[in-house]
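See below for the structure under consideration.
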Amino acid sequence: MKTFLSPKRSWACVMILIATAQLAITGHCDEPSQAAVTLPPTPAISGSKPRNVVFILTDDHRYDAMGFAGHPFLETPHLDSLASNGVHVKNAFVTTSLCSPSRASILTGLYTHKHRVIDNNRTVPEGTLFFPQYLQRAGYDTAFIGKWHMGGHHDDPRPGFDHWISFRGQGNYLPPSPRYTLNVNGQRIKQKGYITDELTDYAVDWLKERDDDKPFFLYLSHKAVHANFTPAKRHEGRYADADLSFLPRGKDIKAENDAPRWVRDQRNSWHGIDFSYHSDKGLDWLYRRYCESILAVDDSVGRVLDQLKEMGIHDDTLIIYMGDNGFMWGEHGLIDKRVSYEASIRVPMMMQCPNLYKGGTVVENVIGNLDVGPTILHAAGLETPKYMDGQSFLQVPNKPDMPWRDYFLYVYYWEKNFPQSPTQFALRGDRFKYITYYGLWDVDELYDLTTDPGETKNLINNPDYKNIAKEMENKLFEMLSDAGGMDIPMNQPRGNSQNKRWDDRGGNEAAAFPKSIVVDEPINKNAK
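Just so you know, the sequence shown maps onto residues -24 to -1, 1 to 504 in mature numbering (1 follows the signal peptide of the UniProt record, and there is no 0).
Here is the structure:
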């Protein structure tokens, strides 16, 4: 069986390979000064037919926030159809549960410590290669439409895409003033309406213009369902009276259950349920808005599917739907992502291609976001570049017994502007999860996901599980070492600080940060 990194690779060799490859590919770049970069060769897979591919990414969409996943009231017929008529990847995870690092892993096939986009404030390092560049070289039409948000705040066209529509930073659900614009192939165009619908309009229009003789790759990247949660007008209030008694409130996160102290304290931080998150409305109001915002995403998926059917290419097009990270809604007393718990690192993933997969297939294998690039390259008939950490899962639904990884490696690096969550490393297996922290004096964690899927009973100090904890720790550091991840990547602090409470938003005074460390912004906000 393969582990997450197969085979072992030297990071130094990876950099040499990227730097010395001979085929130059030009394009718009993330940094204005960046020169043309080079692509390593990617041999074609014998007998493989290049497929059209549509990849739909959403923001902060957790793994169970869909009707077919057992949600008590969410109505997502089009997302449900992706699973019923295709494949549900039940155990999909991200290597770092944060917008920019996760998106960088999707596009590069690399771990966070390799692509170096370790927070939401960093631009992509010069020379970074994105998998759509290989598709371009293979003759694909490529389009990126939506939220880039891979470090930095500009929205200039990036390498690998012939067609480009994006916006700065997080973007906006609605255009409150003329300054909210989109970058459409280098031109500033005013945002006209609700962003989920508008991005879908652009995507459908681009599909209509496709040349039948040329394969295409469409990357539709929604802003939704990121905060501040804003549903479309047609969906606003849909779940105003929904029963939310099922939401966890962190009641089992106690010292007697060996919950880490930092987790218990965070209940009353920016990312805790005892301190309002982005609003003074409370957890229930926020959650209802979150669910209502998903509905327009479901509409978007339906429109894209309908367009592919109208073009007569639906059955032979590979469609992949995924979230960039999960989201906590009261688990462990927390809101948001970043942490190593299931609700944070696990994401929705469905695949559909009727001529390739049988409807209703469920994949139990652990799939990662850094596997997306290799999988789409495989669908295009191209082998995975040797420097990538990910691997193709294109054949996994049809070959459930094929060799695959036994463990998944998760990393998160502390951010000074969101200081509540420490640097952490986790190893998730089929049954157990082990979590350890760096630079923090607190208890590590071990959970039996079979008997305790909510991760409420830490077994790290249980003598019956001592050997399992030891084995998991050894495996974690073995995989980190194999992946070149034993050095902590550092960046100079940048971006606004969130380690504060506003008087008009409540919160428990007893847990407030001392005034001496409350700052509005770092000393050098423009640090590189």
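For every residue, glycine included, the Cβ atom is placed at its ideal position computed from N, Cα and C.
Here the structure is a predicted model, which means the values were calculated and not measured.
Considering only the alpha carbon of each residue, which of the options lies closest to residue i?
| i | options | result |
| --- | --- | --- |
| Met326 | Phe369, Tyr317, Ser457 and Ser245 | Phe369 |
| Ile229 | Asp219, Gly344 and Gly248 | Gly248 |
| Tyr170 | Tyr410, Leu158, Asp347 and Asp117 | Leu158 |
| Phe401 | Trp390, Phe394 and Pro395 | Trp390 |
| Pro108 | Pro398, Glu102 and Phe193 | Phe193 |
| Leu284 | Val30, Ala20 and Thr14 | Val30 |
| Met466 | Leu55, Arg210, Arg98 and Leu332 | Arg98 |
| Arg164 | Ala20, Thr34, Trp140 and Tyr263 | Trp140 |
| Ala203 | Asp365, Asn244, Gly147 and Gln328 | Gly147 |
| Tyr388 | Cys329, Asn443 and Ser73 | Ser73 |
| Gly366 | Gly43, Ser78, His37 and Asp36 | Ser78 |
| Gly85 | Met448, Pro133, Gly46 and Tyr110 | Tyr110 |
| Gln468 | Asn96, Phe251 and Phe143 | Asn96 |
| Lys168 | Asn161, Gly162 and Tyr156 | Tyr156 |
| Arg214 | Arg265, Arg186, Ala231 and Arg225 | Arg265 |
| Leu294 | Tyr39, Leu425 and Gly62 | Gly62 |
| His308 | Ile289, Val338, Val339 and Ala235 | Ala235 |
Mind checking who residue i pairs with in its DSSP beta bridge?
| i | result |
| --- | --- |
| Asp424 | Phe408 |
| Gly299 | Thr34 |
| His64 | Met326 and Val338 |
| Glu391 | Phe394 |
| Asn159 | Ser142 and Arg164 |
| Ala119 | His139 and Leu194 |
| Met304 | Asp312 |
| Ile270 | DSSP output for Ile270 lists no bridge partner at all. |
| Leu403 | Leu385 and Tyr410 |
| Val372 | Per DSSP, none; premise fails for Val372. |
| Phe348 | Rather than Phe, the amino acid found at residue 348 in this sequence is Val. Its beta-bridge partners do not exist; DSSP assigns none. |
| Val29 | Phe193 and Leu294 |
| Ile343 | Ala68 |
| Gly258 | None; Gly258 has no bridge partner. |
| Gly248 | Leu310 |
Check residue i in the structure and name its three-state DSSP category.
| i | result |
| --- | --- |
| Ile21 | coil |
| Ile444 | helix |
| Ser457 | helix |
| Phe49 | coil |
| Trp140 | strand |
| Ser9 | Confidence at Ser9 is low in this model, with a pLDDT of 39, below 50, so the placement of that residue is unreliable and no value is reported for it. |
| Thr99 | coil |
| Leu281 | helix |
| Val180 | helix |
| Phe69 | strand |
| Ile436 | coil |
| Arg264 | helix |
| Leu150 | coil |
| Leu358 | strand |
| His130 | coil |
| Ser320 | helix |
| Leu105 | coil |
| Ile82 | helix |
| Pro77 | helix |
| Asp480 | Only weak support is given to the placement of Asp480: the predicted model assigns it a pLDDT of 46, under 50, and the value that follows is read from those uncertain coordinates. Note: Asp480 maps to helix in three-state DSSP. |
| Lys451 | helix |
| Val239 | helix |
| Tyr333 | coil |
Can you check whether the CB of residue j is closer than 8 Å to the CB of residue i?
| i | j | result |
| --- | --- | --- |
| Gly299 | Val315 | no |
| Ala208 | Ala272 | yes |
| Arg404 | Phe69 | yes |
| Ile343 | Asn67 | yes |
| Met455 | Tyr386 | no |
| Pro373 | Thr360 | no |
| Asn393 | Asn233 | no |
| Thr88 | Asn345 | no |
| Tyr441 | Glu431 | no |
| Lys24 | Gly357 | Correcting the residue type first, residue 24 is Ser in the shown sequence and not Lys. Their beta carbons are under 8 Å apart, which means Ser24 touches Gly357 by this criterion. |
| Pro53 | Asp274 | yes |
| Leu183 | Met304 | no |
| Asp291 | Asn341 | no |
| Ile32 | Leu196 | yes |
If contacts are defined as beta-carbon pairs under 8 Å, then residue i and residue j qualify, I think. What distance do you get, rounded to the angstrom?
| i | j | result |
| --- | --- | --- |
| Val201 | Ser269 | 4 Å |
| Ile149 | Thr206 | One point to set straight first is that residue 149 is Tyr, not Ile, in the sequence displayed. Right, their Cβ atoms sit about 4 Å apart. |
| residue 510 | Tyr410 | Nothing about residue 510 can be read from this structure; the chain reaches only from -24 to 504. |
| Gly115 | Lys190 | 7 Å |
| Ile121 | Tyr178 | 5 Å |
| Leu58 | Tyr263 | Not quite, the Cβ-Cβ distance comes to about 24 Å (not below 8 Å), so this is no contact. |
Report whether the distance from the Cβ of residue i to the nearest heavy atom of the ligand GTP is below 7 Å.
| i | result |
| --- | --- |
| Asn434 | Because no ligand of any kind appears in the structure shown, any question about the ligand GTP cannot be addressed here. |
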